[in-house]
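**Student:** Chain order of the listed sequences is A and B. Residues in the first sequence are numbered consecutively from 6, following the numbering used here. Residues in the second sequence are numbered consecutively from 6, following the numbering used here. We treat Cβ as the ideally placed atom computed from N, Cα and C, and that holds for glycine. Everything numeric in this text was worked out from a predicted model, so none of it was measured.
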Amino acid sequence: MKKKLVVVGNGMAPGRALERLLESDPDSYEITIFNAEKRVNYDRILLSPVLSGEKKFEEIIIHGDRWYEKHNIALVKGRKVISIDRVNKRVTAEGGMIADYDKLLIATGSSPFILPIPGNELPGVLSYRDLDDVQAMMIAAEQGWKNAVIIGGGLLGLEAAAGLKTRGMDVTVLHLPSILMERQLDLTAGHLLQRELESRGIKVITNANTTKIVGDGKVEAIELEDGSRLDADLVVMAVGIRPNSELGKQAELDVDRGIKVDEKLRTSDPDIFAIGECVEFEGSVYGLVAPLYEMANIVAMELLNEDNNGFSNSVLATKLKVTGIDLYSAGDFSEGEEREEIVLRDGANGIYKRLILQDDKIIGTVLYGDTSDGAWFFQLIKDGTDISEMRDTLIFGPAFAGGSPLDPMAAVAALPDNAEICGCNGICKSAIVSAIADKNLTSLDDVRAHTKASASCGSCTGLVEQLLVLTLGDTYDPAAVQPMCGCTDLGHGDVRRLIVADGLKTIADLMQALQWKSSGGCAKCRPALNYYLLATWPGEYVDDGQSRYINERVHANIQKNGTYSVVPRMWGGMTSSKELRAIADVVDKFEIPAVKCTGGQRIDMLGIKKEDLLAVWSDLNDVGLVSGHAYAKGLRTVKTCVGTDWCRFGTQDSTGFGVRLEKFLWGSWTPGKVKLAVSGCPRNCSEATCKDIGIVCVDSGFEIKFAGAAGLDIKGTEDLCHTSTEDEAFEIIVALVQHYREQGHYLERIYKWARRVGNDSIKAAVVDDTVNRKALFERFVFAQKFSQSDPWSERVSGAEAYEFNPMSEIKLGEAAE
Amino acid sequence: MTTEIWKDVGALCDVPRQGARIVETSFGRIAVFKTANDDIYAIEDKCPHLGGPLSQGIVHGAHVTCPLHNMVIELKSGRAVAPDEGCVLTLPVRIDERRILLDFSKFGEKAA
Ligand code: SRM
Ligand SMILES: Cc1cc2nc3c(=O)[nH]c(=O)nc-3n(C[C@H](O)[C@H](O)[C@H](O)COP(=O)(O)OP(=O)(O)OC[C@H]3O[C@@H](n4cnc5c(N)ncnc54)[C@H](O)[C@@H]3O)c2cc1C
Ligand code: SF4
Ligand code: FES
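1. Rounded to a whole number of angstroms, what is the C-alpha to C-alpha distance between A/Ser-766 and A/Ala-788?
2. Where does A/Asn-310 land, buried or exposed, given buried means 16+ other C-beta within 10 angstroms?
3. Taking only beta carbons into account, state which residues of the segment 20-34 of chain B come closer than 8 Å to chain A, listed in chain order.
4. Identify the continuous beta strand (DSSP E) that holds A/Arg-784 and give its terminal residues.
5. Determine, using beta carbons only, whether A/Pro-123 and A/Lys-217 come nearer to each other than 8 Å.
6. Which residue from A/Tyr-536, A/Ala-540, A/Lys-324, A/Gly-157 puts its Cα closest to that of A/Gly-550?
7. Any heavy atom of ligand 2 within a distance shorter than 7 Å of the CB on A/Lys-324?
8. Does the Cβ of A/Met-306 have 16 or more other Cβ atoms within 10 Å, making it buried, or fewer, making it exposed?
9. Quick one: any contact between the segment 89-98 of chain A and the segment 52-59 of chain A, if contact means 3 or more CB pairs under 8 Å?
10. Is the shortest distance between the beta-carbon of B/Gly-91 and the beta-carbons of chain A less than 8 Å?
11. Leaving out the 5 sequence neighbours to the left and right, which residues in its chain are closer than 8 Å to A/Gly-407 when beta-carbon positions are compared?
12. Going by C-alpha distance, which of B/Arg-84, B/Ile-35, B/Ser-31 is nearest B/Ile-105?
13. Quick check: does the Cβ of B/Leu-55 come within less than 7 Å of any heavy atom belonging to ligand 4?
14. Say whether chain B places a C-beta atom closer than 8 Å to the C-beta of A/Gln-363.
15. Please report how far the alpha carbon of A/Phe-118 lies from the alpha carbon of A/Ser-183, in whole angstroms.
16. DSSP three-state label for A/Ala-5, please.
17. Cβ of A/Thr-645 within 8 Å of Cβ of A/Gly-663?
18. For chain B, find out if any of its Cβ atoms is closer than 8 Å to the Cβ of A/Ile-767; answer yes or no.
19. Please state whether DSSP places B/Phe-109 in a helix, a strand or coil.
20. In this structure, does DSSP put A/Gly-168 in helix, strand or coil?
21. Please report the residue range of the alpha helix (DSSP H) in which B/Pro-21 lies.
22. Verify the CB distance criterion: does A/Ser-813 have a CB-CB separation below 8 Å to chain B?
23. Just to confirm the assignment: which complete alpha helix (DSSP H) runs, minimum length 4, are found wholly within the segment 257-334 of chain A?
24. Going by DSSP, name the residue or residues bridged to B/Ala-25.
25. Give me the chain B residues within the contact set of A/Arg-531, using Cβ-Cβ distance strictly less than 8 Å, ordered along the chain.
26. Would you say B/Pro-97 lies against chain A (beta-carbon separation less than 8 Å)?
27. In whole angstroms, what is the alpha-carbon distance linking A/Gly-677 and A/Phe-735?
28. Which residue comes first and which comes last in the beta strand (DSSP E) that contains A/Ile-218?
29. Quick one: what's got a C-beta closer than 7 Å to A/Val-130's C-beta in the same chain, skipping five residues either side?
30. Would DSSP call A/Lys-8 helix, strand or coil?
31. Just to confirm, does A/Arg-49 get its C-beta within under 7 Å of one of the non-hydrogen atoms of ligand 2?
32. Output the distance between the C-alpha atoms of A/Pro-410 and A/Val-417, rounded to the nearest integer angstrom.
33. Could you tell me the distance, in whole angstroms, from the CA atom of A/Val-92 to the CA atom of A/Val-176?
34. State yes or no: is the beta carbon of A/Cys-695 nearer than 8 Å to at least one beta carbon in chain B?
35. Can you find a heavy atom of ligand 4 that lies under 7 Å from the Cβ of B/Asn-75?
36. Apart from the five residues on each side of it in sequence, which residues of its chain come closer than 7 Å, Cβ to Cβ, to A/Pro-543?
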């Protein structure tokens, strides 16, 4: 007599298992399948194309009714199995139907997780798991429901969003983490994806914590933790899945998250097997079909008593199935110990590829925009292939990794003559090579000037340089452009130019467009980029505190023992009894260990505990003392001397002018620090002739000087110009500061900037060209609108409070007991 | 085998992205970091070089650069990135219902 096999659940996993079983031995078992869904086995993965209208349900059926008939399988549709009697080896389904088994296969899949929030049962709230859900969504769209809100920006949520959008609904995706598909993607790829979805009219809100679904008899709106409210006619929850393991629990099998199985897919009862999303193997549960198909093969072999190697966890790959968006990820792509990355970004074409390497093997990859090499990389991951030989060209895919010598130079040499090198300007290889030879070009700049290659986005610079080397051999000395840091080949100047030219407005945008080689920058480039964006897009760019050095982030100077120093402004070095008294009181109250007159004509309180900073500032603010920015790449001090107010030699009001300048310039961020001084006569008691900008007053007016240094280098100032009025001097100085803000490289003081661009070019821009001078002045004034607020009082009134208090205190004595 | 000592130290959203918060303990400060991908790491707030407060450094990828002399520490292992050498103590992290839990058993051993 034939043995009886009963299968619970008719999803993708058992479908494959039965195929394999019948192929080997069609007569081994008498088979009965119970399925809670009222339909045959279909390809759940393809529900999204059904939703978007690209496929019909009939096209995604795997096994139609005929198949079951042909194989003599009893398929019981629409009947859920509710209990298993392990002693008598029999299952009972809803409605009382029973079936006896010799072997039982549980494949109940998983169910969508429903957020435990008020309103989650209102009509109009759906999950996304089966054809019923898809049909409900299609009906909603057909009936003209307007607003769809998808909770969850993972694979399923985004596919649902894209589908509903094509069906004409207004779609918003709410996602709790900051990155879409955060399990699969990294920051950059997530950002690209978000922009692509947004450009298709899908709204994406990240960091969105849904607290409530509201409506009277039907969904009407959704409320978020931050208090905002969104209209919604349809809500789709796609926030994760839970293995369907109740049946296993009921039958008292070993169950943790899922029904526990061993490598032979056996549960704790040797006659009961389980496969698919309902199982847990070595602590893992599953959500993709590849491992489930593997389980299906093994369980079929077990049922047939065939030898097999058993199931083991393996690497997985995911692809987002939204037409027109190419996104692929595989393996493990978290950062970690001894892991390296290779990143390729093609800003112009929206391509991002990242490989994660460990011990000369690829262990993970994320591909966006061009996923054609996904399968190849995946194979290398699975095979654990040693890639050290092809490492340099690996990221370009199999096309380059073929032939013998695998260095990048050979890859470039192997490119056909008509291969496009510069995508922006459509310049091909032969055009560049012949220009180099015919016109005796010797540098990158020459090539840029003659062919335009690499002159736009600059992302082909590496290739052009390789062509120079190929054509000129050793005579070519790669341009002396110092890259900003290890994350890019571009120098500061190129980055600043491209920010403006390409309208790059966020750090993430910039890193993508300019093809950053690391996924999140480093401590060298991030502060620089933050400054460049802030200076280029005032009022628009949101300052990123986490890309600033600690001093600028907490508005105080960190000291060697982790305490801080606080230096309030004393405008032009002037102070008063009131200010001094407040300082004295603060020093006593907070037991500040050291008080010092700085080299910048003001007072430094050193050794303040971080937790006390807010209280210290608050007390100083009370008498009008504000931050002196002694920590900033920004305006530091304007030193003055007593001038005509008191001094018998004074020629102009040097104190007043210094105060006026400081009050106008304070708060502005600059590439490096900026220090000024105004002296009342050429005796120069405020040491103006070694400052970034120095003014020496004379009978006939004002001598403006700049580009002095008295720190790491020592250098007297250069003459900029003479003016007869204070107002004109004022305008020129402000324009000079703005010019520096726009051109300077991060951390480059004014004297170094002047050496790089030439004193004459600066004079021409801010002295001779009065129209340009006024424009610079106006741009400075505009930028100041967004930066002249005292950072101390902002923080005293609560900004970034998390910077100043510990998150919690833990007593460990009790824990150790 | 030591017993694990899990303690709730705060909410996931208490830590700024690409930033850190401090947890005070009787055995010194712990720095709790959050990366751009919202991964959480906890390490001793003490640079292996000269004890700089790592919680105050710039967080990039899963690394932090010490604010005092720019040594780069890998958050996961607590190890300094070559060519520098040194290592800080790391604490196991668990996230439960959007709360951050740290396992202080390493301190338990010290305490015992
Ligand atoms: C406090 C003070 C010394 C003092 O007790 O007088 C000081 C203290 C520091 N200076 Fe200075 N400098 C101070 C006046 C100067 C001066 C003199 C001046 O401003 O007239 C100079 C020479 C002029 C110049 O700016 O070049 C000066 C040239 C430097 C340099 C070299 C800069 C350069 O480009 O050559 C550095 C290092 C740097 O910035 O990278 C520096 C860096 C520092 C730092 C920030 C070092 C650090 O990173 O921790 C010190 C911070 C201590 C603190 O917490 O307050 N300090 N420093 C002075 C504060 C002035 C103020 O009121 O804001
Ligand atoms: C929209 C969507 C898109 C997806 N896209 C992808 C993708 O691109 N790539 C990928 O790898 N994976 C994808 N998946 C996941 C993939 O579909 C699942 O991993 C796979 O279908 C799980 O197979 P299964 O057999 O374990 O369970 P299921 O296919 O869920 O089948 C379980 C069946 O058992 C039935 N059942 C449950 N309890 C009982 C009971 N007590 N009695 C009787 N019957 C019961 C259920 O009704 C269901 O029909 C996607 C899933 C969805 C929903
Ligand atoms: S000269 Fe400046 S940087 Fe050097 S020790 Fe003195 S305060 Fe510090
Ligand atoms: S203390 Fe951290 S680098 Fe010096």
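**Tutor:** In short:
1. The residue labelled residue 766 of chain A in the question sits at position 761 within the first sequence. The residue labelled residue 788 of chain A in the question sits at position 783 within the first sequence. A/Ser-766 and A/Ala-788 have their alpha carbons spaced roughly 23 Å apart.
2. Here residue 310 of chain A corresponds to residue number 305 of the first sequence, with the count starting at 1. Burial call: exposed.
3. Considering only beta carbons, the part of the segment 20-34 of chain B lying closer than 8 Å to chain A consists of Val-20, Pro-21, Arg-22, Gln-23, Gly-24, Arg-26, Ile-27, Val-28, Glu-29, Thr-30, Ser-31, Phe-32, Arg-34, in chain order.
4. Start at 1 with the first residue of the first sequence, and residue 784 of chain A comes out as number 779. Unbroken run through A/Arg-784 is the alpha helix (DSSP H), 775-789; no beta strand (DSSP E).
5. Numbered from 1 along the first sequence, position 118 holds the residue referred to as residue 123 of chain A. Numbered from 1 along the first sequence, position 212 holds the residue referred to as residue 217 of chain A. Against a cut-off of 8 Å, the Cβ pair of A/Lys-217 and A/Pro-123 comes out as a contact.
6. For the purposes of this step, residue 550 of chain A is taken as the residue at position 545 of the first sequence. The shortest Cα separation from A/Gly-550 among A/Tyr-536, A/Ala-540, A/Lys-324, A/Gly-157 belongs to A/Tyr-536.
7. On the first sequence, residue 324 of chain A is found 319 positions in, with the first residue counted as 1. Correct: A/Lys-324 has its Cβ closer than 7 Å to ligand 2.
8. Indexing the first sequence from 1 puts residue 306 of chain A at position 301. The residue is buried, with at least 16 neighbouring Cβ atoms inside 10 Å.
9. no
10. The residue given as residue 91 of chain B occupies position 86 in the second sequence. Chain A contact via Cβ: absent.
11. Translated into positions along the first sequence, residue 407 of chain A becomes position 402. At A/Gly-407 the pLDDT is 47, less than 50, meaning the model places this residue with poor confidence; the figure from the coordinates comes in the next sentence. There are no such residues.
12. Taking the first residue of the second sequence as 1, we reach residue 105 of chain B at position 100. Among B/Arg-84, B/Ile-35, B/Ser-31, the Cα nearest to that of B/Ile-105 is on B/Ile-35.
13. As a working note, residue 55 of chain B is residue 50 in the second sequence. B/Leu-55 Cβ: within cutoff of ligand 4.
14. Reading the first sequence from its first residue, position 358 is the one you call residue 363 of chain A. Taking 8 Å as the threshold, the shortest C-beta distance from A/Gln-363 to chain B does not fall below it.
15. Looking up residue 118 of chain A in the first sequence gives position 113. Looking up residue 183 of chain A in the first sequence gives position 178. Cα to Cα, the separation comes out at about 20 Å.
16. Outside the shown range of chain A, which is 6 to 822, sits residue 5 of chain A, and nothing can be said about it.
17. Along the first sequence, read from residue 1 onward, the residue named residue 645 of chain A stands at position 640. Along the first sequence, read from residue 1 onward, the residue named residue 663 of chain A stands at position 658. Against a cut-off of 8 Å, the Cβ pair of A/Gly-663 and A/Thr-645 comes out as a contact.
18. By one-based count along the first sequence, residue 767 of chain A stands at place 762. Not an interface residue.
19. Start at 1 with the first residue of the second sequence, and residue 109 of chain B comes out as number 104. It is coil, neither helix nor strand.
20. In the first sequence, the residue the question calls residue 168 of chain A occupies position 163. Residue state, collapsed to three classes: helix.
21. Here the question's residue 21 of chain B lines up with position 16 in the second sequence. Premise fails: B/Pro-21 is in no alpha helix (DSSP H) and is neither H nor E.
22. Here residue 813 of chain A corresponds to residue number 808 of the first sequence, with the count starting at 1. Cβ-Cβ to chain B under 8 Å: yes for A/Ser-813.
23. 294-308
24. Here residue 25 of chain B is taken as the residue at index 20 of the second sequence, counted from 1. For B/Ala-25, which the question treats as bridged, DSSP gives the partners B/Phe-38.
25. Position 526 of the first sequence, counting from 1, holds the residue named residue 531 of chain A. Here the neighbours are Ile-63, His-65.
26. The count along the second sequence starts at 1 and reaches residue 97 of chain B at position 92. No, no contact with chain A.
27. Indexing the first sequence from 1 puts residue 677 of chain A at position 672. Indexing the first sequence from 1 puts residue 735 of chain A at position 730. Take the alpha-carbon of A/Gly-677 and the one of A/Phe-735: they are about 21 Å apart.
28. Within the first sequence, residue 218 of chain A is the residue found at index 213, counting from 1. Looking at the DSSP string, the run of the beta strand (DSSP E) that includes A/Ile-218 is 215-219.
29. Looking up residue 130 of chain A in the first sequence gives position 125. So the list reads Ile-218, Val-224, Val-240, Met-242, once near-sequence residues are dropped.
30. Translated into positions along the first sequence, residue 8 of chain A becomes position 3. Residue state for A/Lys-8 is assigned as strand, using DSSP reduced to three classes.
31. Position 44 of the first sequence, counted from the first residue, corresponds to residue 49 of chain A. Yes.
32. In the first sequence, counting from the first residue as 1, residue 410 of chain A sits at position 405. In the first sequence, counting from the first residue as 1, residue 417 of chain A sits at position 412. Reliability of the predicted coordinates at A/Pro-410 is poor, the pLDDT of 38 falling under 50, and the value obtained from them is presented with this limitation in mind. Roughly 11 Å between the two C-alpha positions.
33. Walking along the first sequence from the start, residue 92 of chain A turns up at place 87. Walking along the first sequence from the start, residue 176 of chain A turns up at place 171. Using only the alpha carbons, I get a separation of about 52 Å.
34. By 1-based counting over the first sequence, the position of residue 695 of chain A is 690. Closer than 8 Å: no.
35. Translated into positions along the second sequence, residue 75 of chain B becomes position 70. B/Asn-75: yes, Cβ under 7 Å from ligand 4.
36. Taking the first residue of the first sequence as position 1, residue 543 of chain A is located at position 538. Cβ neighbours of A/Pro-543 beyond the five flanking positions: Phe-787, Ala-788, Phe-791.
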